Ligand code: 5RP
Ligand code: MG
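Residue numbers (my numbering): 94 to 309.
Here you go:
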């Protein structure tokens, strides 16, 4: 299966996010209500996007850290299909979210990998039934000069071997995608690479075309 294209709406208002996604929503697979937008407007954008895009996967990138059960109910009741948990959360927080996800059809939890985490933890997440991880180059690390390296590929490979659906993100541009060609990437998440492009609709289609060229 081709990697899905997920676009992160890290806008500071729903109005701005809507103006952006309207340009390329039809071309993408997953609409992410980004952490920045969640902080700005809570679950309101999730509700509105669910109504506007009934056939798209909607992700609430709340990067939850505790109270998994309650946060999951809030995200899923608002209309999200997927939500995120930060990797330093207790595994019981992840399990709490996943249990709520499993009460719906095709709902899921993405574990956001930031900072320090270990493969022992990753094994525990798999053993607990978690299926998705997001391999993330943080926005701030990127701004400080971090590029994509062999070490990143090695970790992605090990996560795939553990049986995770592995998603990649962090300042991705179309030209970056070929670097990951040897791995069965689940989703490619782009934010600024599409939202801030001169022609966002064209940028979304360019991402889709490159995904099909590499993994097709
Ligand atoms: C940052 C995020 C972003 O949504 C993700 O990194 C995609 O955005 P960009 O392509 O602009 O980095 O979760 O924490
Ligand atoms: Mg995000």
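We put the CB at the ideal spot given by N, CA and C, even for glycine. Only a predicted model underlies this, so the values are computations on that prediction, with no experimental measurement involved.
At a threshold of 7 Å, residue 154 counts as near the ligand MG, since its beta carbon sits closer than that to one of the ligand's heavy atoms. Under DSSP, residue 175 shares a beta bridge with 152 and 201.
When rounded, the separation of the alpha-carbon atoms in residue 269 and residue 169 is 32 Å. Three or more beta-carbon pairs separated by less than 8 Å link the segment 111 to 120 to the segment 276 to 295, which places the two stretches in contact. For residue 101, the closest C-alpha among the options 308, 300, 285 and 307 is that of 285.
The Cβ atoms of residue 201 and residue 218 do not sit closer than 8 Å to each other. Only residues of its own chain outside the window of five on either side were considered, and among them 246, 249, 250, 253 and 259 have a CB closer than 8 Å to the CB of residue 276, listed in chain order. With a 10 Å radius around the Cβ and a threshold of 16 neighbouring Cβ atoms, residue 132 comes out exposed. Under DSSP, residue 262 takes part in a beta bridge, and its partners are 229 and 282.
With fewer than 16 other Cβ atoms from the protein chains shown falling within 10 Å of its own Cβ, residue 213 counts as exposed. When C-beta atoms of the segment 218 to 229 are compared with those of the segment 183 to 193, three or more pairs fall below 8 Å, so the two segments count as touching.
Distances from the CB of residue 127 to the heavy atoms of the ligand MG include at least one below 7 Å. In this structure, the C-beta of residue 101 approaches the ligand MG to less than 7 Å from one of its heavy atoms.
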